[in-house]
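Peer 1: Taking this note's numbering, the leading residue of the sequence shown gets 159, the next gets one more, and so forth.
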Amino acid sequence: MQKMTLKQYAAKHKMSLFNVVKMVKSGALKSESVEENGKEVTYVLVDLSESVSKDSEKDTAKTTETTEARVTRLEDEVARLRRELDTLKISMGLKA
Numbered sequence: 159m160q161k162m163t164l165k166q167y168a169a170k171h172k173m174s175l176f177n178v179v180k181m182v183k184s185g186a187l188k189s190e191s192v193e194e195n196g197k198e199v200t201y202v203l204v205d206l207s208e209s210v211s212k213d214s215e216k217d218t219a220k221t222t223e224t225t226e227a228r229v230t231r232l233e234d235e236v237a238r239l240r241r242e243l244d245t246l247k248i249s250m251g252l253k254a
């Protein structure tokens, strides 16, 4: 188990701090309160094995989708540029 501050957890999971606090208060996230330098600091307890597998699955799916979309977009752009090049060659009289 790893300890993360509420702010670190929010940044890592791209959530608002308010939503993380709500999740801690409702018990959806395991947490621990510690007194440091006279202030009470709340830490979220994160199980590394679960978070790594979930994050890697999401990242893999996003990467595959975005890669395929990007390849398609680039292929379309190459075809458009080739047509434009042919048009320019014809207008300059370089291509019969």
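Beta carbons: idealized from backbone N, C-alpha and C, even for Gly.
Would you call the CB atoms of residue 182 and residue 202 closer than 8 Å?
Peer 2: Cβ distance < 8 Å, so residue 182 and residue 202 count as in contact.
Peer 1: Classify residue 229 as buried or exposed, calling it buried when 16 or more other Cβ atoms lie within 10 Å of its own Cβ.
Peer 2: Looking at its Cβ environment, which holds fewer than 16 other Cβ atoms inside 10 Å, residue 229 is exposed.
Peer 1: Within the continuous alpha helix (DSSP H) that includes residue 175, where are the two ends?
Peer 2: From DSSP, the alpha helix (DSSP H) with residue 175 extends over 175-184.
Peer 1: How big is the Cα-Cα spacing for residue 204 and residue 167?
Peer 2: Residue 204 and residue 167: Cα-Cα distance of roughly 9 Å.
Peer 1: What residue range is occupied by the uninterrupted alpha helix (DSSP H) comprising residue 164?
Peer 2: Residues 164-170.
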